[in-house]
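Under full-length UniProt numbering, read the sequence shown as residues 1 to 89, first letter to last.
For reference, the structure discussed in these notes is given below.
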Amino acid sequence: MARADVDLDGQRHHLDWPPQSTLVDVMVAAGIDVPHSCREGRCGSCVCSVVSGEVDMAPNDVLEPTDRDAGLILACQTRPVSDTVHIEF
């Protein structure tokens with residue numbers, strides 16, 4: 001179980017993030033109004049940045065390799081790898 005610190009709309013949320021769950025799923029289950037739409041990596045609504053920590057992102061139709069190199073991810077396609085992750089929307 002990873003710990004996620006997620007900055008969204010001026011608030012920091014502290015979440016337990018199971019490795020089998022996507023960030024969008026964890027945030028929705030916690031009652032957080034996370035930006036998302038398709039949950040399939042096609043729309044880009046849930047794009048956010050990894051500030052620290054390591055994540056694994058499934059292939060998607062939105063982000064280019066240069067976006068990923070810049071730290072951008074899609075929360076609907078991302079699962080934690082490291083024990084702690086800091087994300088900004």
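Note that the Cβ used here is the ideal one computed from N, Cα and C, for glycine as well.
The structure displayed is predicted, hence computed values, not measured ones.
{"Check": "Could you check the C-alpha separation between Gly10 and Ala75 for me, to the nearest Å?", "Outcome": "18 Å"}
{"Check": "Is the number of C-beta pairs between the segment 71 to 86 and the segment 28 to 42 that are closer than 8 Å three or more?", "Outcome": "yes"}
{"Check": "Output the boundary residues of the beta strand (DSSP E) element that contains Thr84.", "Outcome": "84 to 88"}
{"Check": "What would DSSP say about Met77, mapped onto helix, strand or coil?", "Outcome": "At residue 77 the sequence reads Gln, which differs from the Met that was named. Note: Gln77 maps to helix in three-state DSSP."}
{"Check": "Is the shortest distance between the beta-carbon of Val24 and the beta-carbons of chain C less than 8 Å?", "Outcome": "Looking for chain C here will not work: only one protein chain is present."}
{"Check": "Tell me, which residues are paired with Cys46 by DSSP?", "Outcome": "Cys46 pairs with nothing; no bridge assigned."}
{"Check": "If we call anything under 8 Å between Cβ atoms a contact, is Cys48 one with Phe89?", "Outcome": "yes"}
{"Check": "Around the Cβ of Arg12, are there at least 16 other Cβ atoms within 10 angstroms (buried) or fewer (exposed)?", "Outcome": "exposed"}
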